[in-house]
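K.L.:
Each protein sequence line maps, in turn, to chains U and G.
Read left to right, the first sequence gives residues 5 to 413 (our numbering).
Read left to right, the second sequence gives residues 5 to 413 (our numbering).
After the structure tokens below, expect a handful of questions from me.
Number of protein chains: 2
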Amino acid sequence: MASDNIGSVGTTALAFFVAVGSRDENPSEWGMAHLLEHLVFKGAGRRDFRAIARQMDRLGADINAFTTRDYTCFHAKVLDSEALDAYHLVRDLVLQPWLAAEDLEREKGVVVEEMNESLDDPDEVLDTLITEALYQDSHYTHDILGTPESLANIEAEGLKAFYHRWYRPENMVLAVSGGARELILKAAEQDFSGVGGVSELPRRRPRPTLAYLQREQAEDWEQAKIALGVEAPGRYQDEYWRALMLSSILGGQNSSRLWQRLREEEGLVYSVGTQYAADYDFGDMITYLSLTPEKIPQALRALFDEVSRLAEVGPDTEEVSHTRVYLNTVLVMNQETPDARVMRLGRYALDGKEAPQIDQAVRALSEITPEMVKADAQTWIPGSRMAAVAAGPVHSGALNHAMFQGRQA
Amino acid sequence: MASDNIGSVGTTALAFFVAVGSRDENPSEWGMAHLLEHLVFKGAGRRDFRAIARQMDRLGADINAFTTRDYTCFHAKVLDSEALDAYHLVRDLVLQPWLAAEDLEREKGVVVEEMNESLDDPDEVLDTLITEALYQDSHYTHDILGTPESLANIEAEGLKAFYHRWYRPENMVLAVSGGARELILKAAEQDFSGVGGVSELPRRRPRPTLAYLQREQAEDWEQAKIALGVEAPGRYQDEYWRALMLSSILGGQNSSRLWQRLREEEGLVYSVGTQYAADYDFGDMITYLSLTPEKIPQALRALFDEVSRLAEVGPDTEEVSHTRVYLNTVLVMNQETPDARVMRLGRYALDGKEAPQIDQAVRALSEITPEMVKADAQTWIPGSRMAAVAAGPVHSGALNHAMFQGRQA
Numbered sequence: 005m006a007s008d009n010i011g012s013v014g015t016t017a018l019a020f021f022v023a024v025g026s027r028d029e030n031p032s033e034w035g036m037a038h039l040l041e042h043l044v045f046k047g048a049g050r051r052d053f054r055a056i057a058r059q060m061d062r063l064g065a066d067i068n069a070f071t072t073r074d075y076t077c078f079h080a081k082v083l084d085s086e087a088l089d090a091y092h093l094v095r096d097l098v099l100q101p102w103l104a105a106e107d108l109e110r111e112k113g114v115v116v117e118e119m120n121e122s123l124d125d126p127d128e129v130l131d132t133l134i135t136e137a138l139y140q141d142s143h144y145t146h147d148i149l150g151t152p153e154s155l156a157n158i159e160a161e162g163l164k165a166f167y168h169r170w171y172r173p174e175n176m177v178l179a180v181s182g183g184a185r186e187l188i189l190k191a192a193e194q195d196f197s198g199v200g201g202v203s204e205l206p207r208r209r210p211r212p213t214l215a216y217l218q219r220e221q222a223e224d225w226e227q228a229k230i231a232l233g234v235e236a237p238g239r240y241q242d243e244y245w246r247a248l249m250l251s252s253i254l255g256g257q258n259s260s261r262l263w264q265r266l267r268e269e270e271g272l273v274y275s276v277g278t279q280y281a282a283d284y285d286f287g288d289m290i291t292y293l294s295l296t297p298e299k300i301p302q303a304l305r306a307l308f309d310e311v312s313r314l315a316e317v318g319p320d321t322e323e324v325s326h327t328r329v330y331l332n333t334v335l336v337m338n339q340e341t342p343d344a345r346v347m348r349l350g351r352y353a354l355d356g357k358e359a360p361q362i363d364q365a366v367r368a369l370s371e372i373t374p375e376m377v378k379a380d381a382q383t384w385i386p387g388s389r390m391a392a393v394a395a396g397p398v399h400s401g402a403l404n405h406a407m408f409q410g411r412q413a
Numbered sequence: 005m006a007s008d009n010i011g012s013v014g015t016t017a018l019a020f021f022v023a024v025g026s027r028d029e030n031p032s033e034w035g036m037a038h039l040l041e042h043l044v045f046k047g048a049g050r051r052d053f054r055a056i057a058r059q060m061d062r063l064g065a066d067i068n069a070f071t072t073r074d075y076t077c078f079h080a081k082v083l084d085s086e087a088l089d090a091y092h093l094v095r096d097l098v099l100q101p102w103l104a105a106e107d108l109e110r111e112k113g114v115v116v117e118e119m120n121e122s123l124d125d126p127d128e129v130l131d132t133l134i135t136e137a138l139y140q141d142s143h144y145t146h147d148i149l150g151t152p153e154s155l156a157n158i159e160a161e162g163l164k165a166f167y168h169r170w171y172r173p174e175n176m177v178l179a180v181s182g183g184a185r186e187l188i189l190k191a192a193e194q195d196f197s198g199v200g201g202v203s204e205l206p207r208r209r210p211r212p213t214l215a216y217l218q219r220e221q222a223e224d225w226e227q228a229k230i231a232l233g234v235e236a237p238g239r240y241q242d243e244y245w246r247a248l249m250l251s252s253i254l255g256g257q258n259s260s261r262l263w264q265r266l267r268e269e270e271g272l273v274y275s276v277g278t279q280y281a282a283d284y285d286f287g288d289m290i291t292y293l294s295l296t297p298e299k300i301p302q303a304l305r306a307l308f309d310e311v312s313r314l315a316e317v318g319p320d321t322e323e324v325s326h327t328r329v330y331l332n333t334v335l336v337m338n339q340e341t342p343d344a345r346v347m348r349l350g351r352y353a354l355d356g357k358e359a360p361q362i363d364q365a366v367r368a369l370s371e372i373t374p375e376m377v378k379a380d381a382q383t384w385i386p387g388s389r390m391a392a393v394a395a396g397p398v399h400s401g402a403l404n405h406a407m408f409q410g411r412q413a
């Protein structure tokens, strides 16, 4: 036996969320939000790219950034003793980037390679496919990386204008959690004292239009990948917690209907899982399958059979209460580390909201009945309001046939 | 601004390490250690697969297992209040699995799909290639998953014999960290009171023989992937900390030589990184590159140029002391969560050792001089004692030519 009694090592996490993502880009700007996120690391404030890299290493190298459709996030997790230095570094990256023309050209080349990397990743290929099949609004669906053409046309002047339009303190959230929280909040209050009360958040974008397409894409892979997508509630709609419950019962936990039936009982898939993603006022629920291509018809038949049973009979009380315990526990455990907490804090603050407390979540989940899950499962009955894509060694029409078979089940 | 002052949510991690991995398999047993790891979740003690899945969910679903060449690990992270239940579940999985014949047949099918999944993952393809190019000992290099043929020949009786040979308490480590540590240690002391003092750990296997091959493998990918591998010290050799320092300076941190030169200055690669892996009495250091195939010759020339500079001039004092701070900080931050701590505890305990304290690491790192790094960098001068593989849209001989060019640089 081996054990330790180490207490907290004392870490602090902080993140700047800038309320700009690929959804805010016009076609001539495709890829700009993501390219900016890369470029700020090439020089900011008094540091060139070498000094930035050295400072990141000195602080433990848990400092990075990412771009989504909705926002751009620059985050750091460090020892409490280094938290103020980390704050100063990330603040400078966000507020004082150089955006030099020669760095821009080199970084465009890096992003083109990033595009190629994602073409070699089956899961990313499938994500692109299902997004384009579920939505028909290119403001929403275009690749966060942009296209080789849109990138080629980006010039330093246009990128700087884009930066100044979006990277204003009024359009940002700073989220902090951990031992050095007070220290950082105090420093930030001084740095940002001029912007008190003029926040432009939350921002509202038009909801993307749904498409519900069906697509097959031949790829030279061993395994086939399938994704099925339906509409789901937004993050602040009453039905949010119901959707979380449905996605868990359907395909979100070890004891989920789809995992137990398709993988454990019938061995039809390598993996199957349902993911619920919610934006401000809309969301989607997507079921992903990875399997041997020959088993597609059988697997989809079993899937739609489970869906029908859930929509016709519903779960029993025990299944709902079990899933409630699962969700409550996951919600608590997701708050373990300060870096997980700042992600949650920042995401809600961008919407002008506070992240729900655990007891609010527990209460909301306790109000969900088996009848509600049964009613919500109707969305998964195959019909016109479902997007479906397949990629890998699949022949054209394979999905169509299987979906049709499923509808007969 | 958004912040919280949440303290610890109170989690405990525990893991059973069984000292059996794919290296312990004879050719007729290839894949058994990994297959066993899957099978125990199909029924153990008084729980069938459904009850196991439900209990995992109830505990928050952060319970899993994995198999390496050296050991098999079953691990759980849970809220302190659930730790005893988690211990009982994992204990039963390890000590009382059913290993039913019908589960075995179904699970063989799952593992065949797992093989296909890994063939679709460029990084896994490259890992297999570099392992087979660096070592020539099939006890060490054979796929942890086995082969389709070896799997097909595994029968319940043979698998049970394999289980009883290796899954004995004397051949296991239980590692625990977190709030419920005392509680679990007390329970485990009762459960395992019969095995006190008869530990068979540490186990010693023969070192694998090195091969230093060079291989190109054509794959229908957009990007090319390259790996270069050299021998490195074992975990308990004096040179361990020197190797950690060298790998960080060469390609392990943001400010590393290879990242700065190949990616940041010259834009020749999408990514480049050096990883040092150490076993009991041997280890290896591997540099991975991902890049546009056309840039292979240029990138390898720049790589070997950097290596030569490091081996001829060495780093300056500032570079070494900077890297020391980076490594110290990473070592402390890696102890933040109980699940990270049990991995470290267990890995050392399998070798009959205690994980080094931070102050030991700090002292060892403080003794490394620029001269030592310069001397150690000699291993990276291209020559016969280096394995090299390339996969992707590469033509046969591309690597050979580039390596030769590199040697001229």
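The beta-carbon is built from N, C-alpha and C at its ideal position, and this holds for glycine as well.
Residues in the same chain with beta-carbon distance under 6 angstroms from G/Ala-231, minus the five sequence neighbours each way, listed in chain order, please.
P.N.:
Translated into the one-based positions of the second sequence, residue 231 of chain G becomes position 227. Closer than 6 angstroms at Cβ, skipping near neighbours: Leu-130, Ile-134, Ile-290, Tyr-292, Val-393.
K.L.:
Tell me which residues share the same chain as G/Glu-358 and place their Cβ nearer than 7 angstroms to its Cβ, disregarding the 5 neighbours each side in the sequence.
P.N.:
Looking up residue 358 of chain G in the second sequence gives position 354. Counting only Cβ-Cβ distances below 7 angstroms, and skipping sequence neighbours, we find Tyr-352.
K.L.:
Please identify the residue among U/Ala-87, U/His-38, U/Glu-269, U/Asp-127 whose C-alpha is closest to the C-alpha of U/Asp-343.
P.N.:
Taking the first residue of the first sequence as 1, we reach residue 343 of chain U at position 339. U/Asp-343 has its Cα closest to that of U/Ala-87, out of U/Ala-87, U/His-38, U/Glu-269, U/Asp-127.
K.L.:
Considering only the alpha carbon of each residue, which of U/Arg-54, U/Cys-77, U/Lys-190 lies closest to U/Leu-39?
P.N.:
Taking the first residue of the first sequence as position 1, residue 39 of chain U is located at position 35. Residue U/Cys-77 is the option with its Cα nearest to U/Leu-39.
K.L.:
Indicate the three-state DSSP secondary structure (helix, strand or coil) for U/Ile-67 in the structure shown.
P.N.:
By one-based count along the first sequence, residue 67 of chain U stands at place 63. Strand.
K.L.:
Smallest Cα separation from U/Ser-122: which of G/Gln-241, G/Ala-57, G/Leu-189, G/Glu-226?
P.N.:
Position 118 of the first sequence, counted from the first residue, corresponds to residue 122 of chain U. Of the listed residues, the one whose Cα sits closest to U/Ser-122 is G/Glu-226.
K.L.:
In chain U, which residues lie with their C-beta within 9 angstroms of the C-beta of G/Arg-207?
P.N.:
For this step, residue 207 of chain G is matched to residue 203 along the second sequence. Ordered by position in chain U, no residue passes the 9 angstroms Cβ test against G/Arg-207, which lies about 16 angstroms from the chain.
K.L.:
For U/Leu-18, which three-state DSSP category applies?
P.N.:
Walking along the first sequence from the start, residue 18 of chain U turns up at place 14. U/Leu-18: strand per DSSP, three-state reduction.
K.L.:
For G/His-326 and chain U, any beta-carbon pair shorter than 8 angstroms?
P.N.:
Start at 1 with the first residue of the second sequence, and residue 326 of chain G comes out as number 322. True, the Cβ-Cβ gap to chain U drops below 8 angstroms.
K.L.:
Could you pull the DSSP bridge partners for G/Leu-295 from this structure?
P.N.:
Here residue 295 of chain G corresponds to residue number 291 of the second sequence, with the count starting at 1. Answer is G/Ala-228, bridged to G/Leu-295.
K.L.:
Return the chain-ordered list of same chain residues with a C-beta closer than 8 angstroms to the C-beta of G/Ile-253, the five sequence neighbours on each side being excluded.
P.N.:
Here residue 253 of chain G refers to the residue found at position 249 when the second sequence is read from its first residue. Once the five neighbours on either side are set aside, the close Cβ partners of G/Ile-253 are Ser-260, Arg-261, Leu-314, Pro-319, Glu-323, Val-324, Thr-327, Val-377.
K.L.:
Are the Cβ atoms of U/Leu-354 and U/Ala-19 separated by less than 8 angstroms?
P.N.:
To locate residue 354 of chain U, count along the first sequence from 1; it is residue 350. To locate residue 19 of chain U, count along the first sequence from 1; it is residue 15. No; because the gap between Cβ atoms is not below 8 angstroms, this pair is not in contact.
K.L.:
Can you confirm whether G/Glu-121, when its beta carbon is compared against all beta carbons of chain U, has any partner nearer than 8 angstroms?
P.N.:
Counting from 1 along the second sequence, the entry for residue 121 of chain G is found at position 117. Cβ-Cβ to chain U under 8 angstroms: yes for G/Glu-121.
K.L.:
Looking at the secondary structure, which residues open and close the beta strand (DSSP E) in which G/Lys-112 lies?
P.N.:
Within the second sequence, the letter at position 108 stands for residue 112 of chain G. Premise fails: G/Lys-112 lies in the alpha helix (DSSP H), 105 to 123, not in any beta strand (DSSP E).
K.L.:
Can you list the residues of chain U that G/Ala-192 reaches, using a CB-CB cut of under 7 angstroms?
P.N.:
As a working note, residue 192 of chain G is residue 188 in the second sequence. The answer, in chain order, is Met-5.
K.L.:
G/Pro-301 by DSSP, collapsed to three states: which one?
P.N.:
The residue labelled residue 301 of chain G in the question sits at position 297 within the second sequence. Helix at G/Pro-301.
K.L.:
Where do the N-terminal and C-terminal ends of the alpha helix (DSSP H) with U/Phe-53 fall, by residue?
P.N.:
On the first sequence, position 49 is the one that residue 53 of chain U refers to. First-last of the alpha helix (DSSP H) with U/Phe-53: 53 to 62.
K.L.:
Which residues, in order along the stretch 332 to 363 of chain G, keep a beta-carbon less than 7 angstroms from a beta-carbon of chain U?
P.N.:
Cβ contacts with chain U: Thr-333, Val-334, Val-336, Met-337, Gln-339, Glu-340, Thr-341, Arg-345, Leu-349, Gly-350, Ala-353.
K.L.:
Quick check: what's the CA-CA separation for U/Arg-27 versus U/Tyr-284?
P.N.:
In the first sequence, counting from the first residue as 1, residue 27 of chain U sits at position 23. In the first sequence, counting from the first residue as 1, residue 284 of chain U sits at position 280. Going from the Cα of U/Arg-27 to the Cα of U/Tyr-284 covers about 13 angstroms.
K.L.:
May I ask you to list, following chain order, the residues of the stretch 213 to 236 of chain U that have a beta carbon less than 8 angstroms from some beta carbon of chain G?
P.N.:
Hits within the stretch, in order: Asp-224, Trp-225, Glu-226, Gln-227.
K.L.:
Find out if the Cβ-Cβ distance for the pair G/Met-176, G/Phe-70 is shorter than 8 angstroms.
P.N.:
Taking the second sequence and counting its residues from 1, one reaches residue 176 of chain G at position 172. Taking the second sequence and counting its residues from 1, one reaches residue 70 of chain G at position 66. The answer is no: Cβ separation not under 8 angstroms.
K.L.:
Cβ closer than 7 angstroms: which chain U residues qualify as neighbours of G/Tyr-144?
P.N.:
Position 140 of the second sequence, counted from the start, is the residue given in the question as residue 144 of chain G. The contacting residues do not exist; G/Tyr-144 stays about 25 angstroms from chain U at best.
K.L.:
For G/Ile-385, which residues in the same chain have their Cβ closer than 7 angstroms to its Cβ, ignoring the five residues on either side in sequence?
P.N.:
Stepping through the second sequence from its first residue, residue 385 of chain G is reached at position 381. Cβ within range, chain order: Val-311, Ser-312, Ala-315.
K.L.:
I'd like to know if G/Thr-132 contacts chain U, where contact means its C-beta is closer than 8 angstroms to some C-beta of that chain.
P.N.:
Taking the first residue of the second sequence as position 1, residue 132 of chain G is located at position 128. For G/Thr-132, the answer is no, since every Cβ of chain U falls outside 8 angstroms of its Cβ.
K.L.:
Buried or exposed: where does U/Gly-35 fall if 16 or more other Cβ atoms within 10 Å of its Cβ makes it buried?
P.N.:
Sequence index remark: in the first sequence, residue 35 of chain U carries index 31 (1-based). Result: buried.
K.L.:
Please state whether DSSP places G/Met-347 in a helix, a strand or coil.
P.N.:
Your numbering for residue 347 of chain G matches position 343 in the second sequence. In this structure, G/Met-347 counts as helix in the three-state DSSP scheme.
K.L.:
Name the DSSP bridge partner or partners of G/Arg-219?
P.N.:
On the second sequence, residue 219 of chain G is found 215 positions in, with the first residue counted as 1. Answer is G/Val-393, bridged to G/Arg-219.
K.L.:
Can you have a look at G/Asn-404 and say buried or exposed, based on whether 16 or more other CB atoms are within 10 angstroms of its CB?
P.N.:
Within the second sequence, numbered from 1, the residue matching residue 404 of chain G stands at position 400. When all chains shown are included, G/Asn-404 counts as exposed.
K.L.:
Have a look at U/Leu-304, U/Glu-109, U/Leu-335 and flag the residue whose alpha-carbon is nearest the alpha-carbon of U/Glu-161.
P.N.:
Taking the first sequence and counting its residues from 1, one reaches residue 161 of chain U at position 157. Selected option, being the one with the closest Cα: U/Glu-109.
K.L.:
Using a 10 Å radius around the Cβ and a threshold of 16 neighbouring Cβ atoms, would you call G/Ser-181 buried or exposed?
P.N.:
Mapped onto the second sequence, residue 181 of chain G falls at position 177. With 16 or more other Cβ atoms within 10 Å, it is buried.
K.L.:
Which partner residues does U/Lys-46 have in the DSSP bridge list?
P.N.:
Against the first sequence, residue 46 of chain U aligns to sequence position 42. Answer is none; U/Lys-46 lacks a bridge partner.
K.L.:
In the DSSP assignment, find the unbroken alpha helix (DSSP H) run with U/Phe-78 in it and report its ends.
P.N.:
As a first step, residue 78 of chain U is located in the first sequence; it is residue number 74 there, counting from the start. It is not in any alpha helix (DSSP H) - U/Phe-78 instead sits in the beta strand (DSSP E) that spans 76 to 83.
K.L.:
Assign G/Gly-356 to one of two classes, buried (16 or more other C-beta atoms within 10 Å of its C-beta) or exposed (fewer than that).
P.N.:
Translated into positions along the second sequence, residue 356 of chain G becomes position 352. With fewer than 16 other Cβ atoms within 10 Å, it is exposed.
K.L.:
With a threshold of 8 angstroms on Cβ separation, who are the neighbours of G/Gln-194 within its own chain once the five nearest residues in sequence on each side are excluded?
P.N.:
The sequence position of residue 194 of chain G within the second sequence is 190, counting from 1. Contacts found: none.
K.L.:
Put U/Val-398 into one of helix, strand or coil per three-state DSSP.
P.N.:
Within the first sequence, numbered from 1, the residue matching residue 398 of chain U stands at position 394. In this structure, U/Val-398 counts as coil in the three-state DSSP scheme.
K.L.:
Using three-state DSSP, classify U/Glu-204 as helix, strand or coil.
P.N.:
On the first sequence, residue 204 of chain U is found 200 positions in, with the first residue counted as 1. Three-state DSSP puts U/Glu-204 in coil, outside helix and strand.
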